[in-house]
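Numbering-wise, our numbering puts 247 at position 239 of the sequence shown, and it's gapless, one number per residue. We put the beta carbon where it would ideally sit given N, CA and C, even for glycine. Predicted model only: the values in this text are computed from it and were never measured. Quick notes on the structure that follows.
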Amino acid sequence: MYKKLYFKWKAMKIVYKVIFFITLLLLILILSNCNLIIYGIQQGAGQMRIVRNAEPIEEILNDSLTSDSLRQKLMLVGKIKRYAEDTLGLNPSKNYNTLYDQKGKDILWVVVAAQEFKMETYEWKFPFLGKVPYKGYFDHEKAVKEAKKMKEEGYDARIGTVSAWSTLGFFKDPILSEMLNQNEGMIARLIIHELTHSTLYVKGNSQFNENLATFVGTQGAKQYLIDKYGANSKQYRNYLGELSDIEKFSEHVLKGANLLDSLYAGFSSESLEDKQQMKEELITKIVNDIDTVQFYEARDFSKLKNPKNLPNNAFFVGYITYHKDQDEFSKQFNEEFNSNFREYLQYLKTQYESL
Numbered sequence: 009m010y011k012k013l014y015f016k017w018k019a020m021k022i023v024y025k026v027i028f029f030i031t032l033l034l035l036i037l038i039l040s041n042c043n044l045i046i047y048g049i050q051q052g053a054g055q056m057r058i059v060r061n062a063e064p065i066e067e068i069l070n071d072s073l074t075s076d077s078l079r080q081k082l083m084l085v086g087k088i089k090r091y092a093e094d095t096l097g098l099n100p101s102k103n104y105n106t107l108y109d110q111k112g113k114d115i116l117w118v119v120v121a122a123q124e125f126k127m128e129t130y131e132w133k134f135p136f137l138g139k140v141p142y143k144g145y146f147d148h149e150k151a152v153k154e155a156k157k158m159k160e161e162g163y164d165a166r167i168g169t170v171s172a173w174s175t176l177g178f179f180k181d182p183i184l185s186e187m188l189n190q191n192e193g194m195i196a197r198l199i200i201h202e203l204t205h206s207t208l209y210v211k212g213n214s215q216f217n218e219n220l221a222t223f224v225g226t227q228g229a230k231q232y233l234i235d236k237y238g239a240n241s242k243q244y245r246n247y248l249g250e251l252s253d254i255e256k257f258s259e260h261v262l263k264g265a266n267l268l269d270s271l272y273a274g275f276s277s278e279s280l281e282d283k284q285q286m287k288e289e290l291i292t293k294i295v296n297d298i299d300t301v302q303f304y305e306a307r308d309f310s311k312l313k314n315p316k317n318l319p320n321n322a323f324f325v326g327y328i329t330y331h332k333d334q335d336e337f338s339k340q341f342n343e344e345f346n347s348n349f350r351e352y353l354q355y356l357k358t359q360y361e362s363l
């Protein structure tokens, strides 16, 4: 009897030790990731606030007080979504069945950071998503605080507003009211871009994810407008004109990024002040040279030219993340898949593991 009690006591002692060490390990993990946990809770609360206050599209359409312009835009989003799923081959989703009224205000800000003298983005690490080159906030003051922190650590940092984003199926993404303040082609481009994320999103590879979504959104909107209005239509021509301006600006910024990269590669024994001066002079030239670009429509770049708020490396790496690989995607899409979206996306799904 005493022998049995002894072994029972020994077994319980081992169990208690295991529980103690597991508890200790969890406590260490919680403490070491305390800021990340707090951030996750804040972001989840912000997203839930938007989802909770979004109104079902069906109810808005059935409301006699809904304006004709809003009614048409909401119906348009539904048609674009169906086209993206039925024709382009994007995964069906329950996104964009509700509307969140932003009341003309920005609701999400992202912080982007980069090395001071290297065209290399800073990446934040998150569970499930892996490394990402931006960090979002539903609170502008928190975004400012994060950018300040990155600058104090020696990085270039920049805050940008976000017009749309994908929660990758964690939530039912609503239409944001500011998304509708664009023409049909640009709405299609934006919707298809975000739906691409919920179709294929590779963990820890944001440059692939964003470049793919940019490519599919841009080219998918082209096909949508051609199928709906024809290649000679005013709607399609206007979209091509606006798209041309976006691509020309992106090309100019990417060339600027290459010039800066070459400048940094040539640095050796220069003082910090000299490096910063040469960097500022080149960025000023890149910004001023925008005036030499022939745009489809007149554009105002006065904000970029403000000497007190010149773009920095964080600005340039942002364009690399979203636009650098467009030619590679285009070549593969056209030459290997004869511009067939469904086949191309199906192929990519076999090549990359999606979240």
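Contact check, residue i vs residue j, beta carbons under 8 Å
i    : j    : result
Y327 : A265 : yes
A221 : H205 : yes
A322 : V120 : yes
I68  : L107 : yes
G378 : W132 : In the structure displayed, the chain extends from 9 to 363; residue 378 sits before or after that span and is not available.
L290 : L267 : yes
N219 : Y209 : no
G112 : K211 : no
L280 : V295 : no
Y104 : I183 : yes
S338 : F223 : yes
Y304 : S258 : no
Limits of the unbroken alpha helix (DSSP H) element including residue i
i    : result
T292 : L280 to N296
A165 : Looking at the DSSP string, A165 is not in any alpha helix (DSSP H); the run it does join, the beta strand (DSSP E), is D164 to T169.
V85  : D76 to Y91
K311 : Where K311 is concerned, there is no enclosing alpha helix (DSSP H), given that its DSSP letter is neither H nor E.
Q359 : F349 to Q359
T204 : E192 to H205
F257 : K242 to A273
S101 : No alpha helix (DSSP H) contains S101, which DSSP labels as neither H nor E.
Same chain, Cβ closer than 6 Å to residue i, five either side skipped, listed in chain order
i    : result
R350 : G97
E344 : none
L39  : With a pLDDT of 46 at L39, under the threshold of 50, the predicted position of this residue should be treated as unreliable, and no value is reported.
Y360 : V210
Residues near residue i by beta carbon distance below 7 Å, same chain, minus five either side
i    : result
S214 : V140, P141 and T329
P100 : E93
E186 : Q110 and S171
F309 : I298
Residue i - partner residues in DSSP beta bridges
i    : result
E63  : L107
T129 : A122
V210 : S362
I183 : L107
Opening and closing residue of the beta strand (DSSP E) in which residue i lies
i    : result
K6   : As shown, the chain starts at 9 and ends at 363. That puts residue 6 outside it, with no answer to give.
A121 : W117 to A122
F134 : W132 to F134
K143 : K143 to Y145
Residues of its chain near residue i, where Cβ-Cβ distance is below 8 Å and the 5 sequence neighbours each way are ignored
i    : result
V152 : I167
**Message:** Does the stretch 233 to 245 come into contact with the stretch 189 to 198, if we say contact requires no fewer than three beta-carbon pairs (one atom in each stretch) closer than 8 Å?
**Reply:** yes
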